Amino acid sequence: MHTTELTQPKSLNVFEEAAQMGHEQIVYCHDEHTGLKAIIGIHDTTLGPALGGTRFWHYESEQEALVDVMRLSRGMTFKSAISGMNLGGGKAVIIGDARKLKNEMLLRRFGKFVESLSGKYVTAEDVNMSPQDMEYISMETKHCCGLPEYLGGGGNPSPVTAYGVYVGMKSAAKHAFGSESLEGKKVAVQGAGSVATYLIEHLVKEKAQVYVSDIDEAKLAHVSKEYGATVVGLDEIYETDAEIYAPCALGATVNDETIEKLNCAVIAGGANNQLLDEAKHGRILREKGIVYAPDFLINAGGVIKVGIDYLDSFNMDRVMAMTDRIYDTCSSILKQADEENIPTQEAAIRAAMKRINDAKALKASF
Ligand code: NAD
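Next up, the structure:
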């Protein structure tokens, strides 16, 4: 398994990509009656069951959905490994417009596919999925977490994810500016969704100045009114005078085009797969002196929360203690990357892979 150059190829040889990216299993799920079309990506189960959310998304092609699930599931392996969780990496995508297709029976049918994997894959929320949706899935499988609080689950993981992003951002600020304080810092937050809103709350409490963009006017109106965030245009978010860019919407927003526009010294956000091309854009950020807080490291709060909920009984003190450690892990990864003059993402992947390989050796021992 090594750093991938995978972006959006026109055609994909699944076995070749699986070999290059290190996937164990790709599962296609189809049900004509409900219209379910889903792909489950199981990347690596060395450390434990492959846990990762299900994303409901209107992909333009099946190819695009496959690329997404492969990249996301690989990211989950690294995320759990570097966070000290005994979990492997997996992810699922359901293809289609959630507003039109999502209903109880489709979600329960998907739950049956998850159950058929006997716990090798464990699902949770991701984009366009709610704790209520997890309740439907859980009617058909016990390998499901992030359930509503009234069912004994931990509920929405976004507040913990946002807290982890916040401490990761402070760690990156300390590395870049010599102080972890975000007071007076300008932060450009892309997205005004769940993670972004909780993040903005922390930032504003610390007296940072927030710019925000979203495609959803109602969400923008909320964060502007509630937190005094300055609304900017969808493309304008890359060109502000912010010292910190926080991608909290979709992946691949750090690419050839946007890197040219960014004036920031730090990138630290909640979105998965922020670098379009991990190796290339990781290198360019280093050359430009932009401190990149690896996405899977600082957005791990959510998997810590749902993972503890699944593996053990729910314990919020433990969740917060593990999420707080993101600060120190981020500091040591950024330092390591500087010492070796390598992209920060590469340093984080190395640390994650070391824990996975150490666990393999441990398994082989008495
Ligand atoms: P969300 O759906 O609540 O928010 C995403 C927001 O992005 C929405 O408000 C949407 O309108 C907006 N958006 C879409 N396209 C945009 C564009 N071009 N420009 C600006 N905004 C745009 O999702 P979320 O749960 O807040 O997750 C946000 C990101 O963080 C996702 O990439 C997700 O995979 C990642 N993430 C979330 C969690 C979690 O606990 N929720 C954990 C880890 C990673």
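Residue numbers (the numbering used here): 126 to 491.
Where a beta carbon is used, it is the ideal one built from N, C-alpha and C, also for glycine.
Small disclaimer: the values here were computed from a predicted structure and weren't measured.
Asked                                                                                                                  : Found
Whether residue 423 touches residue 314 by CB criterion (8 Å)                                                          : no
Whole-angstrom distance between residue 262 and residue 390, CA atom to CA atom                                        : 42 Å
Element boundaries [beta strand (DSSP E), containing residue 492]                                                      : Not covered by the structure: residue 492. The range shown for the chain is 126 to 491.
Local Cβ density within 10 Å of residue 224, reported as buried at 16 or more and exposed below that                   : exposed
Inter-stretch contact at 8 Å, needing at least 3 Cβ pairs: the region 382-396 / the region 361-368                     : yes
Coarse secondary structure for residue 442, derived from DSSP in three states                                          : helix
Spatial neighbours of residue 297 in its chain, beta-carbon cut-off 6 Å, leaving aside the 5 residues before and after : 391, 393, 416 and 418
Candidates 286, 258, 236 and 172: closest to residue 449 by CA position                                                : 286
Own chain partners of residue 151 with C-beta closer than 8 Å, once the 5 adjacent residues on each side are dropped   : 139, 143, 164, 165, 166, 167, 191, 194 and 195
Start-end ranges of the beta strand (DSSP E) lying completely within the region 238-301, minimum 3 residues            : 246-250
Paired residues, beta bridge with residue 155 - DSSP                                                                   : 162
The region 240-255 touching the region 175-184, judged by at least three CB pairs closer than 8 Å                      : yes
Residues sharing a beta bridge with residue 355, DSSP                                                                  : 336
Simplified DSSP assignment, three categories, for residue 469                                                          : helix
Simplified DSSP state of residue 202, which is helix, strand or coil                                                   : helix
heavy atom of the ligand NAD below 7 Å from residue 269 C-beta                                                         : no
Contact between the region 317-325 and the region 344-352 (3+ Cβ pairs under 8 Å)                                      : yes
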